[in-house]
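Under the UniProt record's numbering, the first residue of the sequence shown is numbered 1, with each subsequent residue one higher. C-beta atoms are modelled at their ideal positions from N, C-alpha and C, and glycine is treated no differently. See below for the structure under consideration.
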Amino acid sequence: MKKLLLAGKTILGAGLLILCLQSCKKEVKQEDPKEVAEDANEAKFDSIDSKEDDSEFLVDQAEVNLAEIEIGKLAQTKSTNAEVKKFGKMLVDEHTKSASEVSALAKAKNFTLPTSLTEEGQEEYNKLNEKTGADFDKKFADMMIDGHEKAIKKLEKAAKDASDQDVKTWAANNIAGLTAHLEHAKLLKQNLDKK
């Protein structure tokens, strides 16, 4: 009986030890790239609010470019609609150019930018990727309208309120391009809704 009790205690102790070791094992969750960039900029420019605001704007622009490039690539591979594919290619081309400009501007101002898709961007990408056929095309057009409307508002605000003249100029110079994307997306949606 004593041997059985001792064996039971040993097994129980081993089980508890395994549980403790499992709970001590830390799962390191990768931080969102946008948050990492914002934290780095905040640390650099904590005493200069105007620089922090300008850095947040460029972080947002980098995030938009990364998302638009990935969604544009997805549209080119997943859609069966020639207009959606064409729009996707245009997004990749133009947002790659924009990403390069934002990166150069950020580097000149010593701002840190995200270098990969953010958690929110990845969620949007995944939602779109779940769709197929006409549902994919319509979801894509809706996302492009919504995304470009938000991006234009941020550009307009920065063109008016940015404290850094280079950031202000860049924002002002890019409103027309994104407005053209928005109009293209609205036209695309109208054509898709007819089908």
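Verify whether the separation of the beta carbon atoms of K78 and F136 is less than 7 Å. Within the sequence shown, residue 78 is the residue found at index 78, counting from 1. Within the sequence shown, residue 136 is the residue found at index 136, counting from 1. Cβ distance < 7 Å, so K78 and F136 count as in contact.
Jot down the residue ranges of each uninterrupted alpha helix (DSSP H) in the segment 62 to 143, minimum 4 residues, whole runs only, in chain order. If we require 4 residues or more, the alpha helix (DSSP H) runs fully inside the segment 62 to 143 come out as 82 to 109 and 119 to 130.
In this structure, how does DSSP classify A162 when only helix, strand and coil are distinguished? Position 162 of the sequence shown holds residue 162. Collapsing the DSSP output to three states places A162 in coil.
Buried or exposed: which applies to Q61, given that a residue is buried once 16 or more other Cβ atoms fall within 10 Å of its Cβ? One-based indexing of the sequence shown puts residue 61 at position 61. Classification for Q61: buried.
S100 burial status per 10 Å Cβ neighbour count (16 or more: buried): Working through the sequence shown from its first residue, we reach residue 100 at position 100. Exposed, since its Cβ has fewer than 16 Cβ neighbours within 10 Å.
Give the secondary structure of K168 by DSSP, where H, G and I count as helix, E and B as strand, and everything else as coil. Mapped onto the sequence shown, residue 168 falls at position 168. Correct three-state label for K168: helix.
Touch check for the segment 105 to 119 and the segment 163 to 171: three-plus C-beta pairs under 8 Å? Contact between the segment 105 to 119 and the segment 163 to 171 is established, with three or more Cβ pairs separated by less than 8 Å.
Apart from the five residues on each side of it in sequence, which residues of its chain come closer than 7 Å, Cβ to Cβ, to K131? Reading the sequence shown from its first residue, position 131 is the one you call residue 131. Around K131: K139.
Per-residue DSSP class, three states only, for K189: In the sequence shown, counting from the first residue as 1, residue 189 sits at position 189. In the structure shown, K189 falls within a helical segment according to DSSP collapsed to helix, strand and coil.
Go ahead and pull the three-state DSSP assignment for K154. Taking the sequence shown and counting its residues from 1, the one referred to as residue 154 is at position 154. K154: helix per DSSP, three-state reduction.
Measuring straight from C-alpha to C-alpha, what distance separates D146 and I69? Residue numbering aside, residue 146 sits at position 146 when the sequence shown is read from its first letter. Residue numbering aside, residue 69 sits at position 69 when the sequence shown is read from its first letter. Approximately 16 Å, taken between the alpha carbons.
Could you work out which residue in T118, K160, K157 and V84 is closest to D142 when comparing CA atoms only? What you label residue 142 is simply residue 142 of the sequence shown in a count that begins at 1. The option with the nearest alpha carbon to D142 is V84.
Assuming Q117 contacts A151 (C-beta within less than 8 Å), just tell me the rounded distance between them. Start at 1 with the first residue of the sequence shown, and residue 117 comes out as number 117. Start at 1 with the first residue of the sequence shown, and residue 151 comes out as number 151. As written in the sequence, residue 117 is Leu, which differs from the Gln given in the question. That pair is no contact at about 16 Å.
Close beta carbons around K186, own chain, < 7 Å, minus the five adjacent residues each side: Counted from its first residue, the sequence shown places residue 186 at position 186. By the criterion of a C-beta distance shorter than 7 Å, K186 is surrounded in its chain by I145, once the five residues flanking it on both sides are discounted.
For D93, count neighbouring C-beta atoms within 10 Å of its own C-beta (all shown protein chains included) and say buried if the count is 16 or more, exposed if not. For this step, residue 93 is matched to residue 93 along the sequence shown. Counting every other CB atom within 10 Å of its CB across the protein chains shown gives D93 a total below 16, marking it as exposed.
Nonlocal neighbours in the same chain, by C-beta distance under 6 Å from L192, ignoring five residues either side: Sequence index remark: in the sequence shown, residue 192 carries index 192 (1-based). Once the five neighbours on either side are set aside, the close Cβ partners of L192 are D137, K138 and A141.
With DSSP as the reference, label A180 as helix, strand or coil. Walking along the sequence shown from the start, residue 180 turns up at place 180. A180 falls in the helix class under three-state DSSP.
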